[in-house]
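Quick note on the numbering used here: the sequence shown kicks off at 50 and runs consecutively. From the three backbone atoms N, C-alpha and C, an ideal C-beta is built for every residue, glycine too. Structure first, commentary second.
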Amino acid sequence: MTFDAGKYDVIVIGAGHAGVEAGFAAARMGAKTLMLTLNLDMIAFMPCNPSIGGPAKGIVVREIDALGGIMGKVIDKSYIQMRMLNTGKGPAVQALRAQADKPVYMKEMKRLMENEENLTIRQGMVDELIIEDGICKGVVTESKAAYYADAVIVTTGTFMRGKVLMGHLEYESGPNNQRVSVNLSKNLEDLGFEITRFKTGTPPRVNSHSVDYSKTEIQPGDENPKYFSHDTAEQMVEQLPCWLTYTNEFTHGVINNNLGLSAMYSGAKRGTGARYCPSIEDKIVRFNDKPRHQIFLEPEGRDTEEVYVQGLSTSLPESVQHEMLKTIPGLENAQIMRPGYAIEYDVIVPTQLWPTLETKKIPGLYTAGQINGTSGYEEAAGQGMMAGINAAAKIIGKDPVILDRSQAYIGVMIDDLVTKGTNDPYRLLTSRAEYRLLLRHDNADMRLTELGYDLGIVSDDRYNKFVEKKQFVEGEKKRLRKIVIKPTDEVNEVMEEAGATRLKEAIKAYDLLKRPELSYDIVDRMIESNSEIDSEVKEQVGIQIKYEGYIKKANEQVDRMLKMEDKKVPADIDYDDIHGLATEAVEKLKKVRPLSVGQASRISGVNPADISILLVYIQHGSIARIAN
Ligand SMILES: Cc1cc2nc3c(=O)[nH]c(=O)nc-3n(C[C@H](O)[C@H](O)[C@H](O)COP(=O)(O)OP(=O)(O)OC[C@H]3O[C@@H](n4cnc5c(N)ncnc54)[C@H](O)[C@@H]3O)c2cc1C
50 MTFDAGKYDV IVIGAGHAGV EAGFAAARMG AKTLMLTLNL DMIAFMPCNP SIGGPAKGIV
110 VREIDALGGI MGKVIDKSYI QMRMLNTGKG PAVQALRAQA DKPVYMKEMK RLMENEENLT
170 IRQGMVDELI IEDGICKGVV TESKAAYYAD AVIVTTGTFM RGKVLMGHLE YESGPNNQRV
230 SVNLSKNLED LGFEITRFKT GTPPRVNSHS VDYSKTEIQP GDENPKYFSH DTAEQMVEQL
290 PCWLTYTNEF THGVINNNLG LSAMYSGAKR GTGARYCPSI EDKIVRFNDK PRHQIFLEPE
350 GRDTEEVYVQ GLSTSLPESV QHEMLKTIPG LENAQIMRPG YAIEYDVIVP TQLWPTLETK
410 KIPGLYTAGQ INGTSGYEEA AGQGMMAGIN AAAKIIGKDP VILDRSQAYI GVMIDDLVTK
470 GTNDPYRLLT SRAEYRLLLR HDNADMRLTE LGYDLGIVSD DRYNKFVEKK QFVEGEKKRL
530 RKIVIKPTDE VNEVMEEAGA TRLKEAIKAY DLLKRPELSY DIVDRMIESN SEIDSEVKEQ
590 VGIQIKYEGY IKKANEQVDR MLKMEDKKVP ADIDYDDIHG LATEAVEKLK KVRPLSVGQA
650 SRISGVNPAD ISILLVYIQH GSIARIAN
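Following this line, the structure appears as structure tokens:
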């Protein structure tokens with residue numbers, strides 16, 4: 050018998066990386082929000098690598114921060130190392146990566162959750178959804194507490210019918226031997242959702258005292274690190290290094306000799322593994338021509354001796370893991386503190402979701418994070434943010450918020466998931482974003498802060514700083530358009546120092562800055578400096594001017610894309626009624642129910658010919674029918 054445990058606007062199931070962003074966003078927008086999770090001491094737990102960010106992922110963290118979310122702030126408060134990757138390449142692929150102090154990250158996140166207005170956090174196992182007249186109205190916990198709400202967001206990660214695999218050992222469990230979530234998964238299946246099984250793996254953790262670092266290469270952080278959050282001011286943090294070593298033929302030998310014992314290869318596993326996060330077994334088999342693979346030793350925190358052996362994710366038996374480590378320089382005497390393992394878990398097929406992450410089958414029910422088939426803290430957090438925003442928006446009567454592919458990596462990810470689905474754990478990559486030149490670390494605020502402010506998530510203080518920055522950027526661009534640089538000796542001295550050809554005639558500072566070999570700081574030495582602007586404004590001005598042509602071209606492509614996005618598909622369209630559509634297209638269109646012709650054109654199996662027919666039908670519906 051259940052008891053009435055209270056009424057909320059939004060309930061979030063799970064306080065992992067998706068759950069915390071969902072709960073925080075909904076509460077910030079004014080929705081009375083309850084977050085239920087299995088263990089309050091495991092809020093925002095990182096079951097895998099102790100790092101946040103990297104290519105594409107780092108930009109997602111910036112996007113979450115620009116919208117007013119929290120991942121960026123928390124990692125800036127708990128990092129042990131910060132590095133900007135790909136600094137030798139263009140701004141479109143530069144991305145920040147931080148090594149996190151896991152316990153500090155979790156503590157800081159819990160503190161934020163406990164102190165957020167409108168947000169209640171509680172420990173409990175949700176077993177069932179309350180569905181009334183086909184609409185989700187709340188949840189019931191295993192302790193029979195019935196909580197009611199107008200929206201429920203499921204962010205249960207890798208816990209859903211979780212099964213740990215290590216050689217022939219397999220047992221029901223969540224990550225890190227946490228409790229498994231079985232009933233809720235069954236409930237979703239009974240409600241008719243299509244569920245599939247994915248798998249991911251993690252490497253062993255070893256004791257730092259047992260590592261011989263003299264046989265590895267140090268990997269230090271950046272001297273003057275950048276930060277994820279737009280609110281983070283300069284800070285002096287003593288950074289800890291990571292260490293690089295490699296596997297070798299002996300390691301590969303141990304693995305090849307024991308492949309049959311790996312859950313991956315013994316047929317024990319049923320879930321689909323992560324293509325872009327392969328286990329070491331996978332790497333040895335798929336890249337058997339490679340003599341060695343990189344292994345990064347990453348501290349899990351300042352006050353722990355646990356070291357994460359990045360690159361050695363495995364589901365081999367523990368005994369083989371010991372043998373493997375012995376062959377790796379620096380790890381010959383490594384003591385395993387936690388063995389590596391693989392975990393299989395339930396995933397909801399994401400084409401069952403609208404781009405708002407609400408389920409098509411049950412209004413008021415949303416899903417976000419690993420449960421939607423992604424892999425990664427950042428991917429989960431980005432979805433959590435959008436599910437939280439859309440659940441709250443629906444309740445407080447705001448329009449749905451759907452980020453398009455030119456606005457954010459979060460938009461690219463969600464569009465890929467709900468339009469194309471995914472056959473293995475989906476990980477964000479720069480190559481997935483056709484407008485990646487517009488989706489950069491440096492301009493996340495320009496793309497999203499206005500929206501975050503309109504939604505009530507971004508604070509007035511942050512917004513005012515943002516408006517001021519925008520004004521400074523425009524002002525400085527205007528200033529540089531007016532400044533003429535003459536080919537004086539001093540100027541040409543600076544040009545030569547920068548390895549640029551000497552100036553022969555006068556040129557506008559704005560135009561000079563377009564030269565690839567000249568940065569804002571170099572041009573600044575040839576003109577009167579603008580003491581009012583800071584390094585962020587200078588960076589923005591430099592990038593906007595230098596890439597002006599490319600950005601203009603990309604925006605033209607975006608305009609064309611948006612034209613197709615603006616062509617809405619009627620919600621009640623009957624694809625069986627449209628003459629000439631390919632059978633596969635009808636099938637896929639009926640399954641995905643695209644909101645726009647643009648989205649329809651991205652469904653795999655829907656061809657340009659189908660799109661032309663669909664366009665005619667939408668524009669002339671009746672005419673087409675008469676034609677038949
Ligand atoms: C072994 C392992 C290896 C991984 N390897 C990688 C990797 O190599 N690369 C990578 O990018 N990502 C990896 N990940 C993925 C990473 O953990 C996830 O991407 C991320 O944690 C997902 O965030 P989430 O919020 O969706 O779910 P989680 O972080 O898993 O959080 C789920 C939350 O839901 C709660 N919960 C679950 N069921 C219930 C219930 N019934 N009632 C109430 N609360 C519930 C849990 O307590 C938890 O707080 C790995 C994960 C695991 C477990």
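Nearest neighbour of residue i, chosen from the options [CA to CA]
i      : options                        : result
Glu393 : Asp464, Arg454, Val358, Lys248 : Lys248
Gln359 : Pro96, Ser578, Phe336          : Pro96
Ile119 : Lys526, Arg160, Glu499         : Arg160
Gln593 : Glu349, Met155, Asp491, Gly389 : Asp491
Arg387 : Ile124, Val255, Tyr502         : Val255
His342 : Glu354, Ser328, Ser259, Ser234 : Ser328
Asn439 : Tyr426, Pro412, Gln419         : Pro412
Glu347 : Gln130, Lys637, Val461, Val231 : Gln130
Ile444 : Glu243, Tyr57, Glu349, Gly433  : Tyr57
Asp509 : Asp538, Leu116, Glu272         : Leu116
Arg125 : Tyr154, Thr400, Val142         : This sequence places Asp at residue 125; Arg is not what is there. When only C-alpha atoms are compared, the closest one is Tyr154.
Thr190 : Gly63, Glu545, Ser568, Met91   : Gly63
Leu504 : Leu134, Gly72, Gly79           : Gly79
Leu414 : Val665, Glu181, Ile600         : Glu181
Asp453 : Asp473, Glu483, Pro474         : Glu483
Exposure of residue i, with buried meaning 16 or more beta-carbon neighbours within 10 Å
i      : result
Lys639 : exposed
Asn88  : exposed
Phe336 : exposed
Ala558 : buried
Ile184 : exposed
Arg530 : exposed
Lys339 : exposed
Arg574 : exposed
Glu349 : buried
Gly446 : exposed
Ala200 : buried
Tyr220 : exposed
Ile675 : Only weak support exists for where Ile675 lies, its pLDDT of 44 falling under 50; the value from the coordinates is given anyway. It is exposed - the Cβ of Ile675 has fewer than 16 other Cβ atoms within 10 Å.
Asn677 : Unreliable positioning characterises Asn677 in this predicted model, as indicated by a pLDDT of 42, which lies under 50. The coordinate reading is nonetheless provided below. With fewer than 16 Cβ atoms within 10 Å of its Cβ, Asn677 is classed as exposed.
Cys151 : Before going further, note that residue 151 is Lys rather than Cys in the sequence given. Label assigned to Lys151: buried.
Pro399 : buried
Gly598 : exposed
Glu546 : exposed
Val516 : exposed
Ser192 : exposed
His66  : buried
Val8   : Residue 8 is absent from the model: the chain starts at 50 and stops at 677.
Gln648 : buried
Presumed contact (8 Å Cβ cut-off) between residue i and residue j, rounded CB distance
i      : j      : result
Arg111 : Phe277 : 6 Å
Ala441 : Val59  : 6 Å
Leu380 : Val543 : Not quite, the Cβ-Cβ distance comes to about 50 Å (not below 8 Å), so this is no contact.
Thr294 : Ile377 : 6 Å
Ala194 : Phe52  : 6 Å
Gly389 : Pro253 : 4 Å
Glu166 : Ala76  : 7 Å
Leu374 : Ser311 : That pair is no contact at about 16 Å.
Per DSSP, the bridge partner or partners of residue i
i      : result
Asp53  : Ala195
Val213 : Tyr220, Ile392
Asn256 : Glu355
Tyr475 : Thr423
Arg485 : Note: Arg485 sits in no beta bridge, so no partner.
Lys617 : Ser645
Pro348 : Val356
Arg228 : Arg228 pairs with nothing; no bridge assigned.
Residue i at chain D interface by Cβ criterion, 7 Å
i      : result
Gln432 : Annotation note: the requested chain D is absent from the structure, which comprises a single protein chain.
Proximity test, residue i beta-carbon vs ligand 3 heavy atom, cut-off 6 Å
i     : result
Leu85 : This structure simply doesn't include ligand 3; it includes ligand 1 instead.
Examine the Cβ distances between the segment 599-616 and the segment 483-490 and report whether three or more of them are shorter than 8 Å. Yes, they touch.
Can we say the segment 176-193 touches the segment 144-153, given the rule of at least three CB pairs closer than 8 Å? Touching, no, given that fewer than three Cβ pairs across the two stretches are closer than 8 Å.
Within the chosen definition, does the segment 255-272 reach the segment 96-108 through at least 3 CB pairs nearer than 8 Å? Touching, no, given that fewer than three Cβ pairs across the two stretches are closer than 8 Å.
Taking one C-beta from the segment 166-185 and one from the segment 511-525 each time, how about it: are there three or more such pairs within less than 8 Å? Flag = no, the segment 166-185 and the segment 511-525 do not touch.
Would you call the segment 419-431 and the segment 454-462 in contact, with 3 or more CB pairs under 8 Å? Yes, the segment 419-431 touches the segment 454-462.
How about the segment 567-582 and the segment 622-639: do they share at least three Cβ pairs that are nearer than 8 Å? No, because fewer than three Cβ pairs between the segment 567-582 and the segment 622-639 fall closer than 8 Å, the two stretches do not touch.
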